[in-house]
Amino acid sequence: MQPWPTQRNTSRRLWPLAVALLLGLSLPASHTSSLAADPSPAEGDPPTVAEAAQTTRSIFLPVVSQPDIPSPDTRFAIQLFSGLEAQVAEAALAGAARVRMPLIWAAVEPTNTNPSEYRWSPTYEGWLARITASNMDLILTFDGNPTWAATYSGGPIDKVPISEFVDFVVAAVERYSAPPYNVKLWEFYNEPDNGDPLWAVNSSLGYWGNEPEAYADMLAAVYQPIKQADPRSRVLLGGIAFDFWPEDGGPFVPEFLDGVLQHGGGSYFDVLNFHYYPTAFADNWSAYGPGLIGKTTFLRDKLASYGLYKPVICTEAGVENVNTGTDEIQSRYVPILYVQTMAADLLSLSWFMLVDQDPGSWKTGLLYADLTRKPAFYAYQTATARLGEATYVGALSTAEMGTDAMEAYRFLAFGGQTQFTVAWTNDGLTHPLALSARRVLVVDKYGAESWVYDTSDGFMDGVTTVHVGSSPVYLYPES
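Be aware that the sequence shown starts at 4, since it is given in the numbering used here, and climbs by one per residue.
As structure tokens, this is what we get:
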């Protein structure tokens, strides 16, 4: 039996904790700014998708033509809920190059005034500046609607005109897309495909699952204003769970993405965004490819069925080291997920999360709550060191591997001068992998090195056989 419902339920407790933390940031009066609404636009709400299609001419190039994303190392992202000095230092030491953080509307605009008063927190901004000063870029997730604006903190803006939200979004983009923050990736709500109000309240998920048309309209309202504020900014679909359906006892609406796309929402986001937890529901995607690759392929095919071709990102993935997992299992999945990220050509994958949170939350952190490092931290460090500047070449065929129970992927490093392979098995057994080499440097998931020689099998034939098991290894052949 899959443990996923428990994992989903407990892990989502972190979002209300983040909201509470950010709402609790004290703000001196001197840091409260008043921003009048721009008098130039016509009065009234921004257009719906249908209206925008008739009245708006997009002048912005598709994201695939822009040079600013991705770079090889930014595929290694991580979830943080604060920018405390020790946490940022650990994220940087792990090798992360991108951080996902929530941006809570209610913390910035707790009361509705005219003109709007945005209480930009110096503490929060110090966190963002510290992250970027540590050579990590940012994904900011809009979330935490104020009670005066919406019934649900992660749901439709149903108490005031959507223009109130647009004004806040534009103010945030204008402020945080500039130095020292340089934010270019903006996500709209966390798992918006949730359709259960109890989950929306108790787990602080998004709550648009039953209203995909409203979500598409929201994207249409914010898209062009974001581009006008900063043409290099990219709009991310909120990371959809796209699993744990109602028939499995879950809250997520399988028709949500179709509903958004059918309503024209595909014109108003630049990057498709999803979440993936590999210890459950893997069978949903196995027909489309192994693990993360399968889910990515399915979603790309979904976009293509609507005539859409967009970059794809995964803003949550992770595995516990306790309860439903072990240190060994968690550590194995670090290289597995990032190898599959590169094979699937994702912009990045955000490991959820850096630090374990409260006792009831899911223990997917690379660090314990006291910032003690787990073994998976070292697996992440090794993955960033080995894969961060590497170029993906391709997957080995079943004939090359000698079994269909193995996954093996080939990369180039050091400007194409060095070829290496990352391999593991999926059946719990050890299988031989023959490589044309005089000897092979074997690097385990923690970075420990050993050598296997051509003659290790008793023959000198120019072929070195490495025995590969369920723990991934980095293999560097030498002729």
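We treat Cβ as the ideally placed atom computed from N, Cα and C, and that holds for glycine.
Remember, predicted model here, so these are calculated numbers, not experimental data.
Sorted by chain position, which residues of the same chain lie with C-beta nearer than 6 Å to residue i's C-beta, five sequence neighbours on each side aside?
{"i": "residue 259", "result": "196, 212 and 215"}
{"i": "residue 298", "result": "279 and 288"}
{"i": "residue 359", "result": "366, 368, 371 and 372"}
{"i": "residue 338", "result": "386, 448 and 475"}
{"i": "residue 348", "result": "none"}
{"i": "residue 232", "result": "173, 176 and 177"}
{"i": "residue 411", "result": "399, 404, 424 and 426"}
{"i": "residue 321", "result": "354, 355 and 367"}
{"i": "residue 311", "result": "269"}
{"i": "residue 95", "result": "137"}
Buried or exposed for residue i, please, with buried defined as at least 16 other CB atoms from any protein chain shown within 10 angstroms of its CB.
{"i": "residue 464", "result": "exposed"}
{"i": "residue 68", "result": "With a pLDDT of only 33 at residue 68, under 50, the local geometry of the prediction cannot be trusted, and the value read off the model is given with reservation. Exposed, because fewer than 16 other Cβ atoms sit within 10 Å of the Cβ of residue 68."}
{"i": "residue 198", "result": "buried"}
{"i": "residue 453", "result": "exposed"}
{"i": "residue 136", "result": "exposed"}
{"i": "residue 458", "result": "exposed"}
{"i": "residue 462", "result": "exposed"}
{"i": "residue 201", "result": "exposed"}
{"i": "residue 151", "result": "exposed"}
Do residue j and residue i count as a contact pair if the criterion is CB distance below 9 Å?
{"i": "residue 472", "j": "residue 428", "result": "yes"}
{"i": "residue 438", "j": "residue 469", "result": "yes"}
{"i": "residue 140", "j": "residue 169", "result": "no"}
{"i": "residue 272", "j": "residue 191", "result": "yes"}
{"i": "residue 444", "j": "residue 479", "result": "yes"}
Among the options, which one has its Cα closest to the Cα of residue i?
{"i": "residue 317", "options": "88, 102 and 95", "result": "102"}
{"i": "residue 1", "options": "335, 202, 243 and 113", "result": "The chain is shown only over 4 to 482; residue 1 falls outside these bounds and no answer can be derived."}
{"i": "residue 351", "options": "474, 222 and 239", "result": "239"}
{"i": "residue 178", "options": "435, 257, 271 and 127", "result": "127"}
{"i": "residue 205", "options": "191, 452, 254 and 168", "result": "254"}
{"i": "residue 247", "options": "275, 281, 149 and 395", "result": "281"}
{"i": "residue 117", "options": "163, 98, 130 and 97", "result": "163"}
{"i": "residue 315", "options": "346, 382, 257 and 420", "result": "346"}
Whole angstroms are fine: how far does the CA of residue j sit from the CA of residue i?
{"i": "residue 84", "j": "residue 145", "result": "13 Å"}
{"i": "residue 76", "j": "residue 154", "result": "40 Å"}
{"i": "residue 402", "j": "residue 409", "result": "11 Å"}
{"i": "residue 183", "j": "residue 227", "result": "24 Å"}
{"i": "residue 158", "j": "residue 210", "result": "4 Å"}
{"i": "residue 100", "j": "residue 132", "result": "14 Å"}
{"i": "residue 41", "j": "residue 266", "result": "Residue confidence for residue 41 is low, a pLDDT of 32 falling below 50, so the modelled location carries little weight and cannot support an answer."}
{"i": "residue 467", "j": "residue 422", "result": "15 Å"}
{"i": "residue 343", "j": "residue 134", "result": "26 Å"}
{"i": "residue 275", "j": "residue 456", "result": "45 Å"}
{"i": "residue 261", "j": "residue 450", "result": "43 Å"}
{"i": "residue 121", "j": "residue 341", "result": "38 Å"}
Residues in the same chain with beta-carbon distance under 7 Å from residue i, minus the five sequence neighbours each way, listed in chain order, please.
{"i": "residue 482", "result": "440 and 441"}
{"i": "residue 326", "result": "366"}
{"i": "residue 285", "result": "294"}
{"i": "residue 193", "result": "18, 144, 146, 157, 208, 209, 241 and 242"}
Closer than 8 Å by C-beta to residue i: which residues in its own chain qualify, once you throw out the five before and the five after it? Chain order, please.
{"i": "residue 236", "result": "176, 180, 186, 187, 188, 189, 229 and 230"}
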